[in-house]
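> Going by our numbering, the first residue of the sequence shown is number 9, and it counts up by one from there.
By construction, the Cβ of each residue, glycine as well, lies at the ideal position given by its N, Cα and C atoms.
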Amino acid sequence: MSETTEISCACGRTRLELKGKPILVSECLCNSCRAAADRLATLPGAKNLLTSYGATACAEYRKDRVRILSGAYHLREFRLSTDAGTRRIVATCCNTPVFLEMKRGHWLSIYLHLWPDHARPKAEMRTMTGDLAGASNLPDDIPNLKSHTVSFYAKLLGAWIGMGFRNPKIEVAGKIDA
Numbered sequence: 009m010s011e012t013t014e015i016s017c018a019c020g021r022t023r024l025e026l027k028g029k030p031i032l033v034s035e036c037l038c039n040s041c042r043a044a045a046d047r048l049a050t051l052p053g054a055k056n057l058l059t060s061y062g063a064t065a066c067a068e069y070r071k072d073r074v075r076i077l078s079g080a081y082h083l084r085e086f087r088l089s090t091d092a093g094t095r096r097i098v099a100t101c102c103n104t105p106v107f108l109e110m111k112r113g114h115w116l117s118i119y120l121h122l123w124p125d126h127a128r129p130k131a132e133m134r135t136m137t138g139d140l141a142g143a144s145n146l147p148d149d150i151p152n153l154k155s156h157t158v159s160f161y162a163k164l165l166g167a168w169i170g171m172g173f174r175n176p177k178i179e180v181a182g183k184i185d186a
């Protein structure tokens, strides 16, 4: 696990270090991810993180393999509602979405737009295509799954076992609304 990757927000003030390879790399098409991306794109200077067909591309990393190198004081959480089980973390220095965290999750879904094009991990699957009205228009370059599969959850469980069933807390500096 000697491989490390450094990524940053659009302006470079908020930087992360990722150790090793991701648990998996996916594109999510759930209603929640698409709605959050649409709202986050309205922040001043923000770019839309959706693909041309409406997916949110992420690399899932164990929390214990993600380190904030700089700019932690810029990180704010965004939730679609006050009781939402997910939060999206945004670097407010340039309004760049950085990652998604599931409630009680032991992993972070790091948004792929943070990598330079030449180094960006390739998605292995698209999930939650069942939420789309027109899923038949999706590219067929990788599996297009209607929901999360047993294999998807098995990879996450394997990572959690590898972490000794720990769930490190990720502190942020506050909240934003979009």
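Looking at the strands, I want to know which residues DSSP matches up with Glu-85.
Paired residue(s): Ile-97 and Lys-183.
> Would DSSP call Leu-51 helix, strand or coil?
Correct three-state label for Leu-51: coil.
> Where does Pro-105 land, buried or exposed, given buried means 16+ other C-beta within 10 angstroms?
Buried.
> Classify Tyr-4: buried if its beta carbon has 16 or more other beta carbons within 10 angstroms, exposed otherwise.
This structure cannot settle anything about residue 4, because the visible part of the chain is limited to 9 through 186.
> State whether the segment 123-130 contacts the segment 138-147, with contact taken as three or more CB pairs (one from each stretch) at a distance under 8 Å.
Judged by Cβ distances under 8 Å, the segment 123-130 makes no contact with the segment 138-147, as fewer than three pairs qualify.
> Whole angstroms are fine: how far does the CA of Gly-170 sit from the CA of Leu-58?
If you take the alpha carbons of Leu-58 and Gly-170, they lie about 31 Å apart.
> With a threshold of 16 other CB atoms inside 10 Å of the CB of Tyr-161, please say whether the residue is buried or exposed.
So Tyr-161 ends up on the exposed side.
> Within its chain, find whatever has a CB closer than 7 Å to the CB of Leu-88; leave out the 5 residues flanking it on each side and keep chain order.
Cβ within range, chain order: Ser-40, Ala-43 and Ala-44.
> Which whole-angstrom value describes the C-beta separation of Ala-18 and Cys-36, a residue pair presumed to lie in contact below a C-beta threshold of 8 Å?
Wrong, their Cβ atoms sit about 21 Å apart, outside the cutoff.
> My output table needs one value for Asn-152: the three-state DSSP class, helix, strand or coil.
Strand.
> With burial defined as no fewer than 16 other Cβ atoms inside 10 Å of the residue's Cβ, what is the status of Val-180: buried or exposed?
Looking at its Cβ environment, which holds 16 or more other Cβ atoms inside 10 Å, Val-180 is buried.
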